[in-house]
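Single-structure report; data block below.
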Amino acid sequence: MDDLLLSKIRLGIIAELLACEWLAFSELQRTLGSTQGNLGAHLAKLVDAGYVDEEKTFVNRRPLTRYRLTSTGRNAFVQHVSQLQELLKATS
Amino acid sequence: MDARDLSGDGLEAERAREHLEMVDRILAESSQRLCYGAEYFIVWGLFSGIATAIYQLIGNGVLPVWALNAVLVMLIACVAFTILRGRGHGAQRRGRSVVQREFFNVLIIAIGLAIVVNALGFNLFSNWAQSAIWTFAESAVLFFIAVHGNARAWIAGAVMIVSLAAANFSPASVAGYVLAAGMILGYAGFGVAESLARD
Chain A
235 MDDLLLSKIR LGIIAELLAC EWLAFSELQR TLGSTQGNLG AHLAKLVDAG
285 YVDEEKTFVN RRPLTRYRLT STGRNAFVQH VSQLQELLKA TS
Chain B
11 MDARDLSGDG LEAERAREHL EMVDRILAES SQRLCYGAEY FIVWGLFSGI
61 ATAIYQLIGN GVLPVWALNA VLVMLIACVA FTILRGRGHG AQRRGRSVVQ
111 REFFNVLIIA IGLAIVVNAL GFNLFSNWAQ SAIWTFAESA VLFFIAVHGN
161 ARAWIAGAVM IVSLAAANFS PASVAGYVLA AGMILGYAGF GVAESLARD
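Residue numbers (the working numbering), protein chains in the order written: chain A, 235 to 326; chain B, 11 to 209.
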């Protein structure tokens, strides 16, 4: 089991990024309903682990931070979900 | 969101189920999250409808043949608008989903093919065949949106197909007007309806 993905919010971040090319911080915050500080801390852990790429740019002179799932993160997510499913099968 | 963690040693089945349900919900919502510019539909619907009406007016002798130049100018303007607007969307704050990318692929392929087929096969597709190709391409885009859960797109696509069938049984002097009405009501009308729905 991937310790990093045992957190529900980090698992949610990965799931949100799975269907997107890039997703802005504000969009993640809106969809996950998390506070700025909490989300930022969880994203930093995912970035440090190489699960997520971070890009800081400017759009219309406003700073924009956006995120993308890496292949490492995608593989970790697939494996983690598979293990969760196996756990459920074993207990049912 | 509840940020409770699953503890490594005491992994509970209930929590695992909760996490999987959350993943399922997020993925289901993501697959339906399709954002498209209503303005594309208004612009292309109006262009194709007006162009078809101009063909009919020329065919009926109401307008001179050189009026076709207006269609060419409108086409160039629409292509330029689509490219510039598409670039603008790419730079927007909102992330672009996979289904979003698929929508733009369908839009570009359908409209692009209609332009290319009409340009290369103008000797093959006589009379209203070229307009019928436009109707087919535009309805394909609408039905792509419709299968992602948009009821208005089903109606708009159906309007276009019905206009095609109606034009098929109409006299040659009005067939173009029927097709044009389908394009404006179905395609541009869908764009207007989406704009109003978002407001």
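By construction, the Cβ of each residue, glycine as well, lies at the ideal position given by its N, Cα and C atoms.
Any idea what DSSP makes of B:TYR50, helix, strand or coil? Helix, per DSSP.
Could you spell out where the beta strand (DSSP E) holding A:ARG296 opens and where it closes? 296-303
Return the chain-ordered list of same chain residues with a C-beta closer than 7 Å to the C-beta of B:SER205, the five sequence neighbours on each side being excluded. Cβ neighbours of B:SER205 beyond the five flanking positions: ALA48.
Using a Cβ cut-off of 7 Å (strictly closer), state whether A:LYS242 contacts chain B. yes
Secondary structure of B:ARG103, DSSP reduced to three states: Annotation note: pLDDT 44 at B:ARG103 (below 50); position unreliable, no value reported.
Return no unless some Cβ of chain B is closer than 7 Å to the Cβ of A:ALA249. yes
Could you have a look at B:VAL157 and say whether DSSP puts it in helix, strand or coil? coil
So which residues on chain B does A:VAL315 lean against when the C-beta distance must stay under 9 Å? HIS29, LEU30 and VAL33
Just verifying my parser: in three-state terms, what is the DSSP assignment at B:LEU117? In the structure shown, B:LEU117 adopts helical secondary structure according to DSSP, grouped into three states.
Within its chain, find whatever has a CB closer than 8 Å to the CB of B:GLU28; leave out the 5 residues flanking it on each side and keep chain order. none
Should A:LEU318 be flagged as near chain D, meaning a C-beta pair shorter than 7 Å? The structure shown has no chain D; the protein chains it does contain are A and B.
Please list, in chain order, all residues of the same chain as A:GLN317 whose beta carbon is under 6 Å from its beta carbon, the five residues on each side excluded. Taken in chain order, the residues that qualify are MET235.
Between the C-alpha atoms of B:PHE135 and A:GLY274, what's the straight-line distance to the nearest angstrom? Between B:PHE135 and A:GLY274, the C-alpha separation is close to 58 Å.
Within 7 Å (strictly less), CB to CB, does B:ILE36 reach chain A? yes
If A:GLU218 sits next to A:ARG302, beta carbons under 8 Å apart, how far is it from one beta carbon to the other, in whole angstroms? With chain A covering only 235 through 326, there is no way to say anything about residue 218 of chain A.
Residues of the region 252-281 of chain A with a CB closer than 7 Å to any CB of chain B: list them in chain order, please. Residues of the region 252-281 of chain A with a C-beta less than 7 Å from any C-beta of chain B: LEU252, ALA253, CYS254, GLU255, TRP256, LEU257, ALA258, SER260, GLU261, LEU266, GLY267, SER268 and ASN272, listed in chain order.
Any beta carbon from chain B within less than 7 Å of A:LEU245's own beta carbon? yes
So, B:ALA176 versus B:GLY167, is the Cβ gap smaller than 7 Å? no
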